[in-house]
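Q:
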Amino acid sequence: NTILDITLVIFSMCFLSAPHVYKLISRTFEILRSQVKSDSCVLTLCDSPVIIWPNKKFHATPEEVTTNTICEDLQQWIQTDEPESTGKRSAKKKNKKSSAAVIKLQLMTEVTKPGPLSGLVLCRKVQNSHFVSTTLPMDCIVRASSSDTVKDVCDRLMEELTKQLDEMEKVTLQHIKGTTLLTPEPLHFLLPDPKGLVTVVYPAGMPDTQLEAKRQELHRHFELPDDRPYFRRANAYHFPNEPYRDGYLRNPHLVLTHPSLEDGKVYLVQGIYSYHHYMQDRMDDNGWGCAYRSLQTICSWFQQQGYVERCVPSHKEIQQALVDVGDKQTAFVGSRQWIGSIEVQAVLNQLLGVTSKIMFVSQGSELASKGRELANHFLTQGTPIMIGGGVLAHTILGVAWSETTGQIRYLILDPHYTGAEDLQLITDKGWCGWKGPEFWDQTAYYNLCLPQRPKVI
């Protein structure tokens, strides 16, 4: 599928008095809708020379882009940063199709018209007024097959733009406070099949706690269960070509090939997490902080699934939480002391309000018989598991298990890695990879912390 993503800038209005506010807002949105439908509306294909006038009988430049051009062919005009054999960047890759699944367009408006320009007329009017200017971050998506024509997709895109302006107007009018506007903010959410990507407009700046009624309405509309937060802001879809600002790797296990077991099935973590490991955040915890890093990965999962809004806790915040619950003495804060699964359970409950189950294994060889319990956890909860044994801690992200043969493999995220955020190095060297039962010390005891999902919208 091809996703078209656009951005529109600026609307402004002048307030006279309270009775006129709603009428003026609606009038401004009507002007915007007329601009989107006008011949001066222009779509530019990002990183390319392609310009499209969707409302002007689909006029486009270069001339090779016509009403019959399909989306797949449109990708060949997108410039890339990959060097040619000469080492120079190509101005246009017309013979090499991009593998990108996202086509990004920007919405613009023609300012000047063909023909002679009329003279400027200036007038001055003195009156009391209140002026408000804001940016509408319009962001529409259209899912299309590679064989759909660009004209058909653009027609659908312009229709979606108009609908989004209608929704933005509705949200703006619902949440206006005097002469203060809350900017409407469109967010995309990837729902379970077959619903796919849907767009929801929220008032920017309003916390999730004040939007629960809206989320309940959305759950009913899309017939979703009421025990998972599908529509919290943290659940907004992240496009593959958009980098994360915090610098952490997300879901490195997705590039791995699943192990092949006779009659085996794969059970994986559900959702998005960040990979936390030694030496990140300018913190030298090499040799003692592996359980802290595994806990941070778990916390990132709850944050990025929308269950909590707080940031991933630092080592000191983790230590302070253990002091606050009476598990450690005050001197523990700022120390380099290890923690284990029981402490991870206590911190999750104290900082996130998340409960956990503890699985005790008297020796590592018993882990090979825990396939059913681990598979059930990833099916029903889908959270990362922290496992501690001896002086080491790891994160379990999934299992491949055969109910008939008992064979099992564990998907391990290793917090002992000390290098840069190099996905290929991390996966090639097994810092994130599938491990067999021999990975565990067969004679050491292990405690597994299995976090449970809260039942919230």
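According to mature numbering (1 follows the signal peptide of the UniProt record, and there is no 0), the sequence shown holds residues -17 to -1, 1 to 440 in order. Even glycine gets a Cβ: it sits at the ideal position worked out from N, Cα and C.
Residues in the same chain with beta-carbon distance under 6 Å from residue 444, minus the five sequence neighbours each way, listed in chain order, please.
A: Residue 444 cannot be examined here, being either before or after the span of the chain that is shown, -17 to 440.
Q: With a CB to CB cut of under 6 Å and the five nearest residues on each side skipped, what residues in its chain are close to Trp423?
A: What you label residue 423 is simply residue 440 of the sequence shown in a count that begins at 1. Within the same chain, Trp423 has close Cβ partners Gly347 and Leu350.
Q: Does the structure place the stretch 336 to 345 close enough to the stretch 385 to 396 that three or more beta carbon pairs sit under 8 Å?
A: Result no; under three Cβ-Cβ pairs closer than 8 Å.
Q: Can you name, in chain order, every residue of its own chain whose Cβ lies under 8 Å from the Cβ of Arg216, other than the five neighbours on each side?
A: In the sequence shown, the residue the question calls residue 216 occupies position 233. The answer, listed in chain order, is Leu170, Tyr185, Asp191 and Gly289.
Q: Between the alpha carbons of Asp135 and Thr50, how many angstroms are there, rounded?
A: For the purposes of this step, residue 135 is taken as the residue at position 152 of the sequence shown. For the purposes of this step, residue 50 is taken as the residue at position 67 of the sequence shown. For Asp135 and Thr50, the distance between alpha carbons rounds to 8 Å.
Q: In whole angstroms, what is the alpha-carbon distance linking Gly272 and Ile409?
A: As a position in the sequence shown, residue 272 is number 289, starting the count at 1. As a position in the sequence shown, residue 409 is number 426, starting the count at 1. Whole-angstrom Cα-Cα distance: 19 Å.
Q: Measuring alpha carbon to alpha carbon, tell me which residue in Leu406, Ile281 and Thr363 is nearest Leu335.
A: Translated into positions along the sequence shown, residue 335 becomes position 352. That would be Ile281, whose Cα lies nearest to the Cα of Leu335.
Q: Where does Met91 fall in DSSP's three states?
A: Taking the sequence shown and counting its residues from 1, one reaches residue 91 at position 108. Met91: strand per DSSP, three-state reduction.
Q: Can you name, in chain order, every residue of its own chain whose Cβ lies under 8 Å from the Cβ of His202, other than the five neighbours on each side?
A: For the purposes of this step, residue 202 is taken as the residue at position 219 of the sequence shown. Cβ within range, chain order: Pro208, Asp209, Tyr213, Phe214 and Ile440.
Q: How do the stretch 378 to 387 and the stretch 356 to 365 stand: do at least 3 beta-carbon pairs fall below 8 Å, yes or no?
A: Result yes; three or more Cβ-Cβ pairs closer than 8 Å.
Q: When the Cα of Trp36 is compared with those of Phe205, Gln89, Thr11 and Asp397, which residue comes out closest?
A: If you number the sequence shown from 1, residue 36 lands on position 53. Closest option to Trp36, Cα to Cα, is Gln89.
Q: Quick one, are the C-beta atoms of Met369 and Ala274 less than 9 Å apart?
A: For the purposes of this step, residue 369 is taken as the residue at position 386 of the sequence shown. For the purposes of this step, residue 274 is taken as the residue at position 291 of the sequence shown. Contact flag set, yes.
Q: Under three-state DSSP, which class holds Gly188?
A: For the purposes of this step, residue 188 is taken as the residue at position 205 of the sequence shown. Gly188 falls in the coil class under three-state DSSP.
Q: In whole angstroms, give me the CA-to-CA distance for Ile255 and Ala196.
A: The count along the sequence shown starts at 1 and reaches residue 255 at position 272. The count along the sequence shown starts at 1 and reaches residue 196 at position 213. Roughly 25 Å separates the two Cα atoms.
Q: Determine, using beta carbons only, whether Ile8 and Cys29 come nearer to each other than 9 Å.
A: As a first step, residue 8 is located in the sequence shown; it is residue number 25 there, counting from the start. As a first step, residue 29 is located in the sequence shown; it is residue number 46 there, counting from the start. It is not a contact, given that the beta carbons lie outside the stated cut-off.
Q: Taking the C-alpha atoms as reference points, what is the distance between Asp246 and Asn269?
A: Looking up residue 246 in the sequence shown gives position 263. Looking up residue 269 in the sequence shown gives position 286. Roughly 40 Å separates the two Cα atoms.
Q: For Phe172, count neighbouring Cβ atoms within 10 angstroms of its own Cβ and tell me buried if that reaches 16, exposed if not.
A: Start at 1 with the first residue of the sequence shown, and residue 172 comes out as number 189. The residue is buried, with at least 16 neighbouring Cβ atoms inside 10 Å.
Q: Using 8 Å as the threshold, is the stretch 399 to 416 in touch with the stretch 295 to 314, meaning 3 or more CB pairs across them?
A: No, they do not touch.
Q: Tell me which residues share the same chain as Gly323 and place their Cβ nearer than 7 Å to its Cβ, disregarding the 5 neighbours each side in the sequence.
A: As a first step, residue 323 must be located in the sequence shown, where it is residue number 340. So the qualifying residues of the chain are Ala274, Gly371 and Asn430.
Q: Which term fits Tyr261, buried or exposed, when burial requires 16 or more other beta carbons within 10 angstroms of its beta carbon?
A: Residue numbering aside, residue 261 sits at position 278 when the sequence shown is read from its first letter. Tyr261 is buried by the Cβ-count criterion.
Q: Thinking C-alpha only, which one of His377, Trp414, Gln320 and Cys123 is nearest Glu143?
A: Here residue 143 is taken as the residue at index 160 of the sequence shown, counted from 1. Of the candidates His377, Trp414, Gln320 and Cys123, the one whose C-alpha sits nearest the C-alpha of Glu143 is Cys123.
Q: For Ser318 versus Gln333, is the C-beta spacing smaller than 9 Å?
A: Mapped onto the sequence shown, residue 318 falls at position 335. Mapped onto the sequence shown, residue 333 falls at position 350. No, the Cβ-Cβ distance between Ser318 and Gln333 is not below 9 Å.
Q: If you drop the 5 nearest sequence neighbours on each side, which residues of the same chain put their C-beta closer than 7 Å to that of Val308?
A: Indexing the sequence shown from 1 puts residue 308 at position 325. The answer, listed in chain order, is Ala329 and Gln333.
Q: Could you say which of Cys54, Phe114, Phe205 and Gln147 lies nearest to Phe12 if we only look at CA atoms?
A: The residue labelled residue 12 in the question sits at position 29 within the sequence shown. It is Gln147.
Q: Measuring alpha carbon to alpha carbon, tell me which of Thr63, Cys24 and Phe41 ends up nearest Thr95.
A: Here residue 95 is taken as the residue at index 112 of the sequence shown, counted from 1. The shortest Cα separation from Thr95 among Thr63, Cys24 and Phe41 belongs to Cys24.
Q: Give me the Cα-Cα distance between Leu237 and Gly416, rounded to the nearest whole angstrom.
A: Locating residue 237 in the sequence shown gives position 254, where the first residue counts as 1. Locating residue 416 in the sequence shown gives position 433, where the first residue counts as 1. Computed Cα separation, rounded: 10 Å.
Q: Below 6 Å CB to CB, which residues in the same chain sit around Glu55 once its five sequence neighbours on both sides are set aside?
A: Residue numbering aside, residue 55 sits at position 72 when the sequence shown is read from its first letter. Ser129.
Q: Do you know how far the Cα of Phe222 is from the Cα of Ala83?
A: As a first step, residue 83 is located in the sequence shown; it is residue number 100 there, counting from the start. As a first step, residue 222 is located in the sequence shown; it is residue number 239 there, counting from the start. Any reading at Ala83 is ruled out, since the residue's pLDDT is 47, under 50, leaving its predicted position unreliable.
Q: For Asn218, count neighbouring Cβ atoms within 10 angstroms of its own Cβ and tell me buried if that reaches 16, exposed if not.
A: As a working mapping, residue 218 is identified with position 235 in the sequence shown. Asn218 comes out buried.
Q: Could you pull the start and end residues of the beta strand (DSSP E) that Lys418 belongs to?
A: Counting from one through the sequence shown, the residue named residue 418 turns up at place 435. Looking at the DSSP string, the run of the beta strand (DSSP E) that includes Lys418 is Cys415 to Lys418.
Q: By how many angstroms is the C-alpha of Met151 removed from the C-alpha of Pro434?
A: For the purposes of this step, residue 434 is taken as the residue at position 451 of the sequence shown. For the purposes of this step, residue 151 is taken as the residue at position 168 of the sequence shown. Straight-line Cα distance between these residues: approximately 38 Å.
Q: Can the beta-carbon of Pro367 be found less than 9 Å from the beta-carbon of Ser277?
A: Translated into positions along the sequence shown, residue 367 becomes position 384. Translated into positions along the sequence shown, residue 277 becomes position 294. Going by C-beta atoms, Pro367 is nearer than 9 Å to Ser277.
Q: Have a look at the DSSP bridge pairing and note the partners of Asn430.
A: In the sequence shown, counting from the first residue as 1, residue 430 sits at position 447. Paired residues: Phe343 and Gly371.
Q: Classify Gln287 as buried or exposed, calling it buried when 16 or more other Cβ atoms lie within 10 Å of its own Cβ.
A: As a working mapping, residue 287 is identified with position 304 in the sequence shown. Gln287 is buried by the Cβ-count criterion.
Q: According to the neighbour-count rule (16 or more other Cβ atoms, all chains shown, within 10 Å of its Cβ), is Arg198 buried or exposed?
A: Against the sequence shown, residue 198 aligns to sequence position 215. It is buried - the Cβ of Arg198 has at least 16 other Cβ atoms within 10 Å.
Q: Near Asn38, what residues of its chain come up, given a Cβ to Cβ distance below 8 Å and the 5 sequence neighbours on each side ignored?
A: Start at 1 with the first residue of the sequence shown, and residue 38 comes out as number 55. If we look at Asn38 and ignore the five residues flanking it on each side, its Cβ neighbours are Lys20, Ser21, Asp22, Cys24 and Met141.
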